[in-house]
Amino acid sequence: MKIHHNYDIIVIGGGPAGSTVATLVAEQGYHVLLLERATTPQFKIGESLIPATYWTFKRLGMLEKLRTSHFPQKYSVQFYSRSGKGSNPFYFFQTNPHESAVTWQVLRSEFDQMLLDNAKEKGVEVRRGVGVREVVFEGDTATGVVTKSVNGSRETLNATVIVDSTGQRSLIGRQLNLNTIEPNLKMASLFTHYEGGHRDEGIDEGATLILHTEEKDSWFWSIPLPYNRTSIGVVGELDYLLQNRRDADGRLDTQKIFNEELEKCTPLRQRLEGAKQLLPIQTTKDFSYRASRIAGNRWVLVGDAFGFLDPVYSTGLFLALKSGEMAADVIIEAFRKDDFSEAQLGSFGPAFVDGMEAFRKLVYAFYTKEFSFARFLSEYPEHQGGIVDILSGDVFRKDVTHIFPAMAKMCPFPSEVPLKSSA
Ligand SMILES: Cc1cc2nc3c(=O)[nH]c(=O)nc-3n(C[C@H](O)[C@H](O)[C@H](O)COP(=O)(O)OP(=O)(O)OC[C@H]3O[C@@H](n4cnc5c(N)ncnc54)[C@H](O)[C@@H]3O)c2cc1C
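Under this note's numbering, the very last position in the sequence shown is 1595; numbers go up by exactly one each time.
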């Protein structure tokens, strides 16, 4: 087994979080290796951006590439109640007259590759087809990674800092047993792509639609994509959507379940009349979790490798990009100070978790059956702006917490979960 000691940082995983941290650190002249196990760009779920991603794209030098891409522009999100009635769209420009109020719906295979190409342009050494089997620790300090390439060869690579951006694989989280599933969000999702189907016109053409089914037991997303495709997925509690839906012989027919849920969502069913389902139904579950720590000596977690909340407000990509950006800043500072301790590398954690917490409260409100945003806003119209700010992702740039005391009167919020440290 060969041993190399050449890298300042090794980033494990070439999704949006990994590309972001790698690009920003490499730009400062550090030697960055990014390892992505997939040999080619892959289909991934998570296709709708929110406006606050603009600021990370700006730092990454990605804005022009996105502007000239074929990704549909997203101006708003619109909610449909269980009765099939659509809310007025929440246009992000209502509270933000800046160009950042318009964002994009992305095909992930192309989007992730654009970010990786940009990382390469900024000096990152990107290796595809190399998976990391484990992170090597000496005591509680990360020192390197053991890799396995598609041809079966193994290597141990050492670096000063190891960044885990493996998404829901959550390599370090699993190795150190850090992850806890959000107790009241045991969810599952079934999803696919369609070709064709109805789209609204003008600036509403690229809107994300969030549609409840009749009994409010599940909800659908509809996300317009390039190539006349639309991403359609349904989300519900694990017990409701999967566990209690097995056939008499114990088989799970996910296509049948998807069709049954679509039957209960009249506005979406009508939009999909004549559209063609392009992919077999795919399934994911237990995706709402968080690690108890965000960093340790010489290691950092970013993106889904740290945690993921829920797809309802399309916050996953934003949090992946933002944590990548925040982690890059503390890593660059660590090199300047020659301090790679948990305290230094985890110093972005409390602010990051505070931002996640605002989304988390809104997610709990969404899943509280008795709660309705329409009713909340009719009682507290002064909080319309605060809600649009959160839906836009402005949780790190503005204080959005002022809406929560009023909201807490209408729905129970979970207690906050502070970060732990090894000390
Ligand atoms: C049902 C559902 C719907 C969603 N919808 C949305 C949405 O509309 N909008 C939104 O913003 N977010 C959405 N998300 C969330 C979004 O998909 C994620 O938050 C986002 O992809 C996280 O980016 P990441 O870079 O952290 O991880 P990923 O995008 O998962 O990237 C991780 C990368 O690491 C690689 N990797 C994994 N293990 C290894 C290893 N051992 N060695 C090397 N490489 C490895 C993987 O191949 C992958 O490329 C959704 C999530 C779910 C579950």
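We put the beta carbon where it would ideally sit given N, CA and C, even for glycine.
Would you tell me roughly how many angstroms separate the C-alpha atoms of His1270 and Arg1231, rounded to the nearest one?
17 Å
Identify every residue that forms a DSSP beta bridge with Pro1596.
With the chain covering 1173 to 1595 only, the question about residue 1596 has no answer from this structure.
Which value, in whole angstroms, describes the spacing of the CA atoms of Leu1357 and Lys1257?
26 Å
Specify whether the region 1341-1357 and the region 1447-1463 touch according to this definition: at least 3 beta carbon pairs, one from each stretch, less than 8 Å apart.
yes
Output yes or no for whether 8 Å exceeds the beta carbon distance between Lys1246 and Gly1378.
yes
Please report the residue range of the beta strand (DSSP E) in which Gln1454 lies.
1454-1457
For Asp1312 and Phe1545, the rounded distance between their alpha carbons:
46 Å
Cβ distance (whole Å) where Lys1294 is taken to contact Thr1195 below 8 Å
5 Å
Along the chain, where does the alpha helix (DSSP H) that runs through Asn1290 open and close?
1280-1293
Under DSSP, the beta strand (DSSP E) around Glu1297 begins and ends at which residues?
1297-1300
Less than 8 Å between the beta carbons of Thr1402 and Tyr1366, yes or no?
yes
Helix or strand or just coil, what does DSSP make of Phe1480?
strand
Using alpha carbons as the reference points, say which of His1203, Asp1511, Arg1417, Ile1222 lies closest to Asp1566.
Ile1222
Roughly how many angstroms separate the alpha carbons of Cys1583 and Tyr1536, rounded to a whole number?
8 Å
Would you tell me roughly how many angstroms separate the C-alpha atoms of Val1572 and Ala1578, rounded to the nearest one?
12 Å
Spatially closest choice to Gln1214 from Asn1349, Gly1201, Leu1279, by CA coordinates:
Leu1279
Does DSSP put Val1474 in a helix, in a strand, or in coil?
coil
What whole-angstrom Cβ distance do Phe1264 and Val1525 have, given they're in contact under 8 Å?
Contact doesn't hold; Cβ gap of about 24 Å is too wide.
Just checking Phe1585 against ligand 1 - is the residue's beta carbon closer than 7 Å to any of the ligand's heavy atoms?
no
Helix, strand or coil for Arg1305 per DSSP?
strand
What's the call for Arg1515, buried or exposed, on a 16-neighbour Cβ count within 10 Å?
In the sequence as displayed, the identity of residue 1515 is Ala instead of Arg. Ala1515 is exposed by the Cβ-count criterion.
Tell me, to the nearest whole angstrom, how far the beta carbon of Ala1500 is from that of Val1197; I am working on the premise that it is less than 8 Å.
5 Å
Residues bridged to Asp1170 [DSSP beta-bridge criterion]:
In the structure as shown, the chain starts at 1173 and stops at 1595, and residue 1170 therefore has no counterpart that could be examined.
Determine the burial state of Leu1597: buried for a count of at least 16 other Cβ atoms within 10 Å of its Cβ, exposed for fewer.
Residue 1597 cannot be examined here, being either before or after the span of the chain that is shown, 1173 to 1595.
Contact set for Phe1538: own chain, Cβ-Cβ below 7 Å, skip 5 residues either direction:
Val1484
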